[in-house]
Amino acid sequence: MMDCSLIKSKFSYATSGDFLYRPQHLLDCEFYLLEMMDCSLIVYLPYRPLTLYCESLGPEVLNTAWHIVNDSLRSDVLLTYPPHLIALSALHIASVLHNNDNATSWFSDITVSMEKITEVSQQIMELYDLWRRFDEKKEIPSIFMRMPRPRMSHSGSLAGSRSSTPCQMR
Numbered sequence: 019m020m021d022c023s024l025i026k027s028k029f030s031y032a033t034s035g036d037f038l039y040r041p042q043h044l045l046d047c048e049f050y051l052l053e054m055m056d057c058s059l060i061v062y063l064p065y066r067p068l069t070l071y072c073e074s075l076g077p078e079v080l081n082t083a084w085h086i087v088n089d090s091l092r093s094d095v096l097l098t099y100p101p102h103l104i105a106l107s108a109l110h111i112a113s114v115l116h117n118n119d120n121a122t123s124w125f126s127d128i129t130v131s132m133e134k135i136t137e138v139s140q141q142i143m144e145l146y147d148l149w150r151r152f153d154e155k156k157e158i159p160s161i162f163m164r165m166p167r168p169r170m171s172h173s174g175s176l177a178g179s180r181s182s183t184p185c186q187m188r
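The number in the numbering used here is simply the position in the sequence shown, starting from 1, with 18 added.
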């Protein structure tokens, strides 16, 4: 969990001086998110398929693909595509970046649709494009302006928040 004072100090240029969110607010939001997800926190990551696929493509391709998978975790690709497709897309991008000649024959031998791999690769490349175009000094103030202000109760917690009971596991 990120501390609210860290957010306030990092983005002081965008806040009006009164940052109303407190650590308890973040904890309450995390609790609501876990409750909405029905406490299902199992996520399959693309690292295992990546290491299995990459044996014949070389260590430099694996290293670059590993970084691409790390970057893809900052998007919704992991929630919309299976891990093996993300791993193959990262290998595809890394192979193109390294001009790997073995990759063309390797990708022609797999039974996964190249259209799907290209679709995931395009979404990952859109993430890089977004990062390239993102201007923090320009965007953060407008994001803070759109954030709803918390309703405070007399006790200093969110109005209408539930008690901190643990989520029931099924």
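We put the beta carbon where it would ideally sit given N, CA and C, even for glycine.
Which one of the options has the shortest CA to CA distance from residue i?
i	options	result
residue 146	163, 108, 167, 133	108
residue 98	142, 75, 110	142
residue 122	133, 110, 130, 131	110
residue 92	148, 57, 117	148
residue 118	82, 133, 150	82
Is the beta carbon of residue j closer than 9 Å to that of residue i?
i	j	result
residue 128	residue 106	yes
residue 130	residue 102	yes
residue 100	residue 62	yes
Would you call residue i buried or exposed, if buried means 16 or more other Cβ atoms sit within 10 Å of its Cβ?
i	result
residue 72	buried
residue 95	buried
residue 68	buried
residue 104	buried
residue 19	For residue 19, the predicted structure reports a pLDDT of 45, less than 50, and the residue's modelled location is therefore unreliable. The matter cannot be settled from this model.
residue 135	buried
residue 114	exposed
residue 186	Caution is warranted here: a pLDDT of 39 is assigned to residue 186, below 50, making its placement in the model unreliable, and the coordinate value is therefore given only provisionally. Exposed, because fewer than 16 other Cβ atoms sit within 10 Å of the Cβ of residue 186.
residue 139	buried
residue 90	buried
Could you round the C-beta distance between residue i and residue j to whole angstroms and report it? I think they count as a contact, below 8 Å.
i	j	result
residue 124	residue 52	With a Cβ gap of about 41 Å, residue 124 and residue 52 do not count as contacting.
Inset, instruction - Jot down the residue ranges of each uninterrupted alpha helix (DSSP H) in the stretch 127 to 160, minimum 4 residues, whole runs only, in chain order. - result: 132 to 151
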